[in-house]
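Input: a single structure, listed below in structure tokens.
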Amino acid sequence: MNAKDIIYDQRTFDDKHLTCPRCGWDGTGSETHVAGFYGISKFKEVLCPKCSEYLGNLPRDRSYGEGKLDSQIGPI
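Using the working numbering, the first residue of the sequence shown is number -9, and each one after it goes up by one.
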């Protein structure tokens, strides 16, 4: 499956086992780098912490409650 088509579940992502197809890094979602790109996308990119290979996507969590502010996308 193409990494662009992978959307991880935010609730279980930290414990999700991941392997990088490029460098062989092996770990969990909590060890990856997550890039948000300041609101230009509805997803955040998941990157390998060793080589920055694109591993998939995380949906932006917008459930912070009424009147809250997401620093990357503004008022919710």
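Beta carbons: idealized from backbone N, C-alpha and C, even for Gly.
Suppose the cutoff is 7 Å on Cβ atoms and the five residues either side in sequence are ignored; what does the same chain contact list for residue i look like?
| i | result |
| --- | --- |
| Cys10 | Cys38, Lys40, Cys41, Glu43 and Leu45 |
| His7 | Thr18 |
Just to confirm before moving on: does the CB-CB distance between residue i and residue j stay below 8 Å?
| i | j | result |
| --- | --- | --- |
| Lys34 | Arg50 | yes |
| Asp(-1) | Ser20 | no |
Under 8 Å Cβ to Cβ from residue i, same chain only, skipping five residues before and after it: list those, please.
| i | result |
| --- | --- |
| Ile(-3) | Phe33, Gly46, Asn47, Leu48 and Pro49 |
| Thr22 | Leu8, Val36, Leu37, Cys38, Pro39 and Leu45 |
Quick check on the DSSP output: the beta strand (DSSP E) that includes residue i runs from which residue to which?
| i | result |
| --- | --- |
| Thr18 | Asp16 to Thr18 |
Would you report the Cα separation of residue i and residue j, rounded to the nearest angstrom?
| i | j | result |
| --- | --- | --- |
| Asn(-8) | Val24 | 18 Å |
| Val36 | Gly26 | 9 Å |
| Ser31 | Gly14 | 28 Å |
What residues in its chain sit with their C-beta under 6 Å from that of residue i, if we drop five residues either side in the sequence?
| i | result |
| --- | --- |
| Asp16 | Thr9 |
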